[in-house]
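**Q**
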Amino acid sequence: MGVREWAARGGHEEDRRQLAVDLAMIGLAAVTTVLTSGVLAGETHEDPDIVVLDQVVAALACGLLWWRRRHPLAVALVIQALALPSHAMAGPMLASLFTVAVHCRTRTLVWLVVVKLLLMPFNVAQRPESSLSDTASVAMMLVVMTAVVSWGLSVRYRRRLRETLYEQAQRRTREAIAREMHDVLAHRLSLLSVHAGALEFHPDAPAEQVREAAAVIRSSAHQALEELRDVIGVLRGAPGDPGDAGAPRPQPTWEDLPRLAEESRSAGTPVRLERRTAPGQVPPPAVGRTAYRVVQEALTNVRKHAPGAEAQVTVEGGPGAGLTVRVDNRLTAAPAVRVPGAGAGLTGLGERVALAGGRLEHTGDRDGFHLVAWLPWPP
Numbered sequence: 001m002g003v004r005e006w007a008a009r010g011g012h013e014e015d016r017r018q019l020a021v022d023l024a025m026i027g028l029a030a031v032t033t034v035l036t037s038g039v040l041a042g043e044t045h046e047d048p049d050i051v052v053l054d055q056v057v058a059a060l061a062c063g064l065l066w067w068r069r070r071h072p073l074a075v076a077l078v079i080q081a082l083a084l085p086s087h088a089m090a091g092p093m094l095a096s097l098f099t100v101a102v103h104c105r106t107r108t109l110v111w112l113v114v115v116k117l118l119l120m121p122f123n124v125a126q127r128p129e130s131s132l133s134d135t136a137s138v139a140m141m142l143v144v145m146t147a148v149v150s151w152g153l154s155v156r157y158r159r160r161l162r163e164t165l166y167e168q169a170q171r172r173t174r175e176a177i178a179r180e181m182h183d184v185l186a187h188r189l190s191l192l193s194v195h196a197g198a199l200e201f202h203p204d205a206p207a208e209q210v211r212e213a214a215a216v217i218r219s220s221a222h223q224a225l226e227e228l229r230d231v232i233g234v235l236r237g238a239p240g241d242p243g244d245a246g247a248p249r250p251q252p253t254w255e256d257l258p259r260l261a262e263e264s265r266s267a268g269t270p271v272r273l274e275r276r277t278a279p280g281q282v283p284p285p286a287v288g289r290t291a292y293r294v295v296q297e298a299l300t301n302v303r304k305h306a307p308g309a310e311a312q313v314t315v316e317g318g319p320g321a322g323l324t325v326r327v328d329n330r331l332t333a334a335p336a337v338r339v340p341g342a343g344a345g346l347t348g349l350g351e352r353v354a355l356a357g358g359r360l361e362h363t364g365d366r367d368g369f370h371l372v373a374w375l376p377w378p379p
């Protein structure tokens with residue numbers, strides 16, 4: 001099911017749910033009105049025409065609840081006005097009060113409650129004869145109003161919490177997508193930039209070098225498209241593009257570090273890679289993948305900001321002690337490659353390392369640039 005179909009179905013389900021709630025609210029208000037009007041109990045001794053008019057006005061008030069979501073305060077005020085000459089309005093009044101508590105600001109709710117409290121003696125005077133004293137009736141009305149307002153406020157705050165959690169989840173998803181897209185594309189595009197720049201500034205290069213640079217450009221572009229396709233496939237929830245029966249290629253891990261170093265060497269960045277772990281010890285896939293991304297971003301920055309500088313990559317650690325990734329490079333006199341979005345990579349990398357439970361530090365001095373990441377490696 002696509003996103004649009006899912007959203008459309010979700011919207012229809014929400015509409016049906018709201019319709020059911022509105023009908024239930026109107027029905028409950030009508031039942032409450034009948035039960036509290038005194039007609040069924042025979043407690044009213046008013047003229048029959050007045051009783052019928054009372055019930056008609058109460059039915060009108062129940063009908064107004066249909067618009068309670070769109071105009072909560074207006075509906076509540078109209079029902080309050082209709083309740084002044086009538087004593088059969090308990091149901092609609094409580095329903096409208098609940099709606100204001102859910103949908104309106106707290107200040108609006110407070111003013112409505114104050115109005116109801118000021119008019120409460122008048123409403124008590126309009127009630128039919130009953131065994132309850134006026135004091136008991138007022139106390140009962142206060143208890144019921146407090147319960148209704150509390151219920152409405154709890155619904156409002158639950159909705160607000162749900163919306164906040166949804167927004168936070170959306171933000172985390174956007175950040176994760178941004179990190180993944182940067183990791184996938186920045187490395188490949190920096191290789192393209194380096195080799196394309198070499199062709200631009202050395203138009204008289206030997207044909208063999210031109211062919212090698214063109215081959216690297218073609219290979220990097222192809223791999224960038226493949227990795228981008230994998231990311232899009234994951235976002236779509238499909239194993240690949242429509243019509244493609246292949247599964248996404250595995251994510252890079254610890255074992256791919258030598259290949260990453262070789263790619264950087266082919267782009268003109270000398271790399272010395274040292275992996276100081278005990279023989280046979282391989283970090284968990286998630287740790288190895290994060291270590292790969294750390295080295296990838298560091299080498300990308302070396303190509304952009306210190307073209308031609310040698311990078312020393314050291315990865316060491318073990319179970320329980322964690323995995324430390326260190327990348328050092330010296331500064332060069334060569335001009336830095338101007339690439340849009342400078343600094344975004346380190347920000348995303350810091351977020352990635354933090355999500356893995358590690359920490360990232362990067363500093364620059366006269367000797368060069370130093371990046372150190374520590375990742376937890378369970379015993």
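Okay, so the sequence shown: first residue is 1 according to UniProt numbering, each after it adds one. Cβ coordinates follow ideal geometry from the N, Cα and C atoms, glycine included.
Rank Gly350, Thr332, Val295 and Leu349 by C-alpha distance to the C-alpha of Arg326 and give the top, closest one.
**A** By alpha-carbon distance to Arg326, the top candidate from Gly350, Thr332, Val295 and Leu349 is Val295.
**Q** By the three-class DSSP mapping on this structure, what secondary structure does Trp66 have?
**A** Helix, per DSSP.
**Q** Sorted by chain position, which residues of the same chain lie with C-beta nearer than 8 angstroms to Gly368's C-beta, five sequence neighbours on each side aside?
**A** Ala306, Ala309, Asp328, Asn329, Arg330 and Leu331
**Q** Can you tell me where the alpha helix (DSSP H) holding Ala311 begins and where it ends?
**A** Element bounds for Ala311: not the alpha helix (DSSP H) but the beta strand (DSSP E), Ala311 to Gly318.
**Q** Rounded to whole angstroms, how far is the Cβ of Val100 from the Cβ of Leu112, which I believe are closer than 8 angstroms?
**A** Between Leu112 and Val100 the Cβ distance is about 6 angstroms, and since that is below 8 angstroms, they are a contact.
**Q** Using the rule of at least 16 other Cβ atoms within 10 Å of the residue's Cβ for burial, across every protein chain shown, is Glu227 buried or exposed?
**A** Buried.
**Q** For Arg359, which residues does DSSP report across the bridge?
**A** Trp374
**Q** Can you give the Cα-Cα distance for Arg158 and Thr347, rounded to whole angstroms?
**A** Each residue's Cα considered, the two are about 33 angstroms apart.
**Q** Does Gly358 pass the burial test, meaning 16 or more other C-beta atoms within 10 Å, or should it be called exposed?
**A** buried
**Q** According to DSSP, is Thr253 helix, strand or coil?
**A** Residue state, collapsed to three classes: coil.
**Q** Rounded to a whole number of angstroms, what is the C-alpha to C-alpha distance between Gly280 and Gly268?
**A** 32 angstroms
**Q** Can you tell me the Cα-Cα spacing of Val57 and Gly63, whole angstroms?
**A** Straight across, the Cα-Cα distance linking Val57 with Gly63 is about 10 angstroms.
**Q** Could you tell me whether the Cβ atoms of Leu375 and Val353 are closer together than 8 angstroms?
**A** yes
**Q** Kindly indicate which three-state DSSP category Thr324 falls into: helix, strand or coil?
**A** Correct three-state label for Thr324: strand.
**Q** Alpha carbon to alpha carbon, what distance is there between Trp377 and Met145?
**A** 57 angstroms
**Q** Less than 7 angstroms separating the Cβ of Val302 from some heavy atom of the ligand NAP?
**A** Although the ligand NAP was asked about, the structure shown includes no ligands whatsoever.
**Q** Is the segment 92 to 106 touching the segment 64 to 82, taking contact as three or more C-beta pairs under 8 angstroms?
**A** The answer is yes - the segment 64 to 82 touches the segment 92 to 106, with three or more Cβ pairs under 8 angstroms.
**Q** Per DSSP, what are the beta-bridge partners of residue 393 in this structure?
**A** The first residue shown for the chain is 1 and the last is 379, placing residue 393 beyond what the model contains.
**Q** Let me know the secondary structure DSSP gives Leu19 once reduced to three states.
**A** Of the three classes helix, strand and coil, the one that applies to Leu19 here is helix, per DSSP.
**Q** Assuming Ala356 contacts Ala286 (C-beta within less than 8 angstroms), just tell me the rounded distance between them.
**A** 7 angstroms
**Q** Taking buried to mean at least 16 other C-beta atoms within 10 Å of its own C-beta, is His103 buried or exposed?
**A** buried
**Q** Counting only the same chain and skipping the five closest in sequence on each side, list residues whose C-beta sits under 6 angstroms from that of Glu360.
**A** Looking at the sequence shown, residue 360 is not Glu but Leu. Around Leu360: Gly350, Val353 and Ala373.
**Q** Measuring alpha carbon to alpha carbon, tell me which residue in Arg174, Ala88, Arg105 and Leu73 is nearest Val31.
**A** Ala88
**Q** Please confirm if Pro284 has its CB atom under 8 angstroms from at least one CB of chain C.
**A** In the displayed structure, chain C is absent; only one protein chain is listed.
**Q** Determine which residues share a DSSP beta bridge with Val271 and list them.
**A** Ala311
**Q** Do Val216 and Ser264 come within 8 angstroms of each other at the CB atom, strictly closer than that value?
**A** no
**Q** Applying the criterion that 16 or more other CB atoms from any shown protein chain within 10 Å of the CB defines a buried residue, is Leu257 buried or exposed?
**A** buried
**Q** I'd like the span of the alpha helix (DSSP H) that includes Gly91, first residue to last.
**A** Ala90 to His103
**Q** Which residues mark the beginning and the end of the alpha helix (DSSP H) in which Thr290 is found?
**A** Pro285 to His305
**Q** I'd like to know whether the C-beta atoms of Thr314 and Arg276 end up nearer to each other than 8 angstroms.
**A** yes
**Q** Let me know the secondary structure DSSP gives Gly280 once reduced to three states.
**A** coil
**Q** Leaving out the 5 sequence neighbours to the left and right, which residues in its chain are closer than 8 angstroms to Leu225 when beta-carbon positions are compared?
**A** none
**Q** Over the uninterrupted alpha helix (DSSP H) stretch that includes Ala83, give me the two end residues.
**A** Pro72 to Ala83
**Q** As a quick exercise: from Arg162, Gln55, Trp151 and Gln18, pick the residue whose alpha carbon is nearest that of Arg68.
**A** Gln18
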